[in-house]
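Residue numbers (my numbering), protein chains in the order written: chain A, 692 to 1039; chain B, 692 to 1039. Just so it is clear, CB atoms sit at the ideal spot from N, CA and C, and this is done for glycine as well. Being a predicted model, the structure only gives us computed values, none of them experimental.
Structure, rendered in C-alpha cells:
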C-alpha cells in the first residue's frame, strides 16, 4: 500500500510539442509536482499500469474539430489501473484497485467519472486496460456489431497479435469463422497461429505479401477488421467478397504521415469495388458503444475463464519508458498488449 | 397495334468492340434480322421505350468476375416497355403493355422472367422504366434503407436532376430532410430547386464548387447519395458529419476511366475520416433488393398521384439514336430520365 509520506512527488509526462510525423522524445517532457490532495467527492489514486494505445497518436495532433486533443503542456491522456490512496468519494476506500484515466502520470485525482472498482480475484488487474478493457471491448463491438461475421465466413484481421487484433481473431474463431491474421515479425505470426488458434497468419514483411494473403484466403474475405491501413488494406481490397464488411478501427500505418502518399489516387478504385461488390466500410469508435460493455465483459470474461481466449501482455517498467515504448508501438515493436508498469503491482 | 406483316425486320444494336474509355460509335453495330416467332411458353413483344442507364457502361467491359457483361456481338442489354405482338405464355395476350428486358432492339422473345403487365390507366407506361421502375426503386432503397435519413438531416445527392437523383431528393424532402442537389448545367439546378423542391442545388461547373457546396450545407452533410464520384465526392468528403451515411449507387465520373487518376493517393484520407467521423460507406445494387419493390411502388405511386413527387423524361426518337444518346448520358447531356422511343407509344 502506498505511503504518501511528506515530500512525495508526482511525475507526469506532458506534450511539449505537436509531433510532425513520428513522435520524437523532445515532443514530450517529464515534469514533477506535488501530489494533489482530494477535495470533497474526489479520490486520489496511484497509477499501477498505464495502457499505451495507437489512438493516442491522434490526441497529439491539433484538433480537427472532431477528435479530442491534448493541449501543449497538458498531461498525455490514457487509461490506467490504479490503487486508491485517499478517498472522499462514496463507494471507494483506500487500497481499492480501480480502472481510471490517470493518463501518463503517477498520481491523479478523480471524481469517479468512468471509474470502476476491480476485484483482483476476478482477473489480473492489468486486464482492465487490455483484454477486459477498452481494447477487448473495441474488438468485441467492431467484430460482432460492425463486422457481423457468420459461421464459415473468412475473417481477416491486421495487427493480429496486438491488443485488439488478438481478441478479434479469437472471437471470430469462437464464432465459427475461418480466421487469417496479418502481423509483422515471424514470431508474431507463429504466436497467432500457435497460441491464438488462427487458421493462418501472413507476415506483411513478406516480399510477395499480396500473393501470400490471397493464398491464405482461398474463399476470399468476408470481414476485414482494419487496424493498419496502408499496404495491408491495398492487398485486402481485391480479395473482398460480395457483401463483405470492413470495420475501420485504426490505420496505424497512416498515423505518422504528414502528407498523403503519392499517386495514383486509388479512391475511385476503392469506391468502384465498394459499389460492384456491395461492400460496407464503416468506421467506429468504442466510446459510442458503452451500452455493449456488460455483454462484452460477460462473454470475454467467460471465454478467458474457460481457456478459449488467451492474451499476452508486453510490460515495460517505469513511467520514463512510456515515450520510447509508445514510439515502438507505432512501429509494431511491441508483442502483445503494451503496458507501462508505473508502480509495483501489489497483487502479483 | 403492330402488324407483323411478312418481311418485318428486327433491328438490334450489338456490342462490336469493348470501349476503351468513352464508347465510340464504332463500338456498336446495328444489325437486322428476321423477327423471331414465340415458341411454347414464350411471348414476342415490340419495344416501345428503351431505358438508357449509366450501369450499361459497365456491361460493355470485360467481366471482372462479379458484374455481368455483354458478349462481343451480343445485343446490348436494357430495360424496356413493350407491347405483346404474339403470346404463347399464359396470362399475356396480344396488345398487352409490359415491362420487359428486350435490350437495344425492336423485338424480343421472353419466357416471362422479370416481365410485368402495365396498365396505362395507372401511370404513363414509360414510367415503368423510370420513376416507377428500376431508377425509382434504386432511389427508394438507396436513400431509405442504405442512407436511413432522419427528419431535419441534410441529404446531398449528385446527378440531382437525373433519373435516380431526382427521386432521391424528392423522397428526402417528403421525409422532412433538408435537401441539397449537385447538378451540371444551370437550367438543371433551376429545375431541381424550382420544380423538384430541393432546398438548394449547386452546379459542379462552378469554379469554386467546393466552397459553394459548403455554403449550401451549413449544418454539414448527414447522407450523401453518390451517383458520380470524382470531384463531387472530393468536395463532399470534408463536409460529412459524424455518423454520416454514404450509399454508393454509381460513379459515372469514373466509368470511362481506363487508368486511376494521378496522385496523391487519397485513400488514407478517406479511411481516416471514415474512422474519426464513424462514417458508413456502403455500395448497393438494386437487384439485391427486389423484396422492397412492392413498398416502393406503393409509396412512390401514391406520391406521384398526390403531386408530391414529379418526374421529367428526356425522350429521343428511334433506335438508331440509342448510341449517341448513351454517349451523351455519360457526359451529363440528358435532362431527366433518358429514354429511346423505339416505336410509337399507342397510349399517348
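Cβ shell of residue i (< 8 Å), same chain only, five flanking positions each side left out
i	result
residue 1047 (chain B)	What is shown of chain B runs 692 to 1039, which leaves residue 1047 (chain B) out entirely.
residue 1030 (chain A)	740, 741, 742, 743, 817, 820, 821, 1004, 1005, 1006, 1007
residue 986 (chain B)	831
residue 843 (chain A)	867, 868, 869
residue 728 (chain B)	735, 777
residue 839 (chain B)	914, 936
residue 962 (chain A)	none
Same chain only: Cβ atoms within 6 Å of residue i, ignoring 5 sequence neighbours per side
i	result
residue 703 (chain B)	722, 766, 796
residue 724 (chain A)	701
residue 720 (chain A)	705, 707
residue 643 (chain A)	Absent from the model: residue 643 (chain A). The displayed extent of chain A is 692 to 1039, so no value can be given.
residue 972 (chain B)	937
residue 1000 (chain A)	861, 994
Minimum C-alpha distance to residue i - residue among the options
i	options	result
residue 938 (chain A)	A:738, A:916, A:831	A:916
residue 804 (chain B)	B:792, B:860, B:785	B:792
residue 964 (chain A)	B:975, B:800, B:860	B:975
residue 1018 (chain A)	A:726, A:729, A:747	A:747
residue 871 (chain A)	A:827, A:828, A:923, A:826	A:923
residue 856 (chain B)	B:1011, B:1026, B:968, B:1037	B:1026
residue 864 (chain A)	A:826, A:914, A:909	A:914
residue 853 (chain B)	B:808, B:901, B:940, B:768	B:940
residue 930 (chain A)	A:945, A:936, A:905, A:952	A:905
residue 726 (chain B)	B:798, B:995, B:815	B:798
residue 699 (chain A)	A:730, A:788, A:737, A:896	A:737
residue 945 (chain B)	A:754, A:946, A:845, A:956	A:956
residue 808 (chain A)	A:716, A:990, A:788	A:788
residue 800 (chain A)	A:731, A:962, A:1016	A:731
residue 907 (chain A)	A:1035, A:861, A:712, A:848	A:848
residue 768 (chain A)	A:794, A:749, A:837, A:978	A:794
residue 1010 (chain A)	A:998, A:990, A:999, A:1034	A:1034
residue 933 (chain A)	A:926, A:910, A:810, A:900	A:910
residue 862 (chain B)	B:888, B:899, B:912, B:713	B:888
residue 879 (chain A)	A:833, A:996, A:1028	A:1028
residue 966 (chain B)	B:836, B:935, B:714	B:935
residue 942 (chain A)	A:850, A:782, A:1012	A:850
residue 1032 (chain A)	A:733, A:772, A:712	A:772
residue 1036 (chain B)	B:833, B:811, B:926, B:918	B:811
residue 714 (chain A)	A:962, A:952, A:951, A:947	A:947
residue 978 (chain B)	B:833, B:815, B:845	B:833
residue 952 (chain B)	A:952, A:958, A:951	A:958
Burial state of residue i, where buried means 16 or more other Cβ atoms lie within 10 Å
i	result
residue 993 (chain B)	exposed
residue 1021 (chain B)	buried
residue 693 (chain B)	Residue placement at residue 693 (chain B) is poorly supported in this model, since its pLDDT is 49, which falls under 50; the coordinates still yield a value, given next. When all chains shown are included, residue 693 (chain B) counts as buried.
residue 841 (chain A)	exposed
residue 1039 (chain A)	exposed
residue 882 (chain B)	buried
residue 639 (chain A)	In this structure chain A extends from 692 to 1039, so residue 639 (chain A) is not present and cannot be described.
residue 764 (chain B)	exposed
residue 710 (chain A)	buried
residue 885 (chain B)	exposed
residue 752 (chain A)	exposed
residue 827 (chain B)	buried
residue 1051 (chain A)	Absent from the model: residue 1051 (chain A). The displayed extent of chain A is 692 to 1039, so no value can be given.
residue 969 (chain A)	buried
residue 960 (chain A)	buried
residue 697 (chain B)	For residue 697 (chain B), the predicted model reports a pLDDT of 49, less than 50, meaning its position is unreliable; a value from the coordinates is still stated below. Exposed, since its Cβ has fewer than 16 Cβ neighbours within 10 Å.
residue 716 (chain B)	exposed
residue 989 (chain B)	exposed
residue 981 (chain B)	exposed
residue 920 (chain B)	buried
residue 829 (chain B)	buried
Neighbouring residues, chain E, relative to residue i (Cβ below 7 Å)
i	result
residue 939 (chain A)	Here the protein chains are A and B, and chain E is not one of them.
Chain-order list of residues whose beta-carbon lies under 7 Å from that of residue i (same chain, five-residue window excluded)
i	result
residue 761 (chain A)	706, 750, 751, 767, 768
residue 903 (chain B)	893, 897
residue 1014 (chain B)	704, 716, 719
Legend entry - Cβ contact (3+ pairs, closer than 8 Å) linking the stretch 889–906 of chain A and the stretch 863–879 of chain A: In short, these stretches touch, since the Cβ pair count reaches three.
Legend entry - Every unbroken beta strand (DSSP E) inside the stretch 792–846 of chain B [3 residues or more]: For the stretch 792–846 of chain B, whole beta strand (DSSP E) runs of length 3 or above, ordered along the chain, are 798–801, 807–809.
Inset, instruction - Could I get the ranges of all uninterrupted beta strand (DSSP E) runs contained in the stretch 899–978 of chain B, with 3 residues as the minimum, in chain order? - result: The stretch 899–978 of chain B contains these whole beta strand (DSSP E) runs: 912–916, 931–939, 971–974.
Inset, instruction - Report the residue ranges of all alpha helix (DSSP H) runs contained in full by the stretch 725–782 of chain B; include only those spanning at least 4 residues, in chain order. - result: You should have 747–750.
Legend entry - Ordered list of beta strand (DSSP E) runs contained in the stretch 862–899 of chain A, each at least 3 residues: Counting only runs of at least 3 residues, the stretch 862–899 of chain A fully encloses the following beta strand (DSSP E) elements, listed from N- to C-terminal order: 869–874, 891–894.
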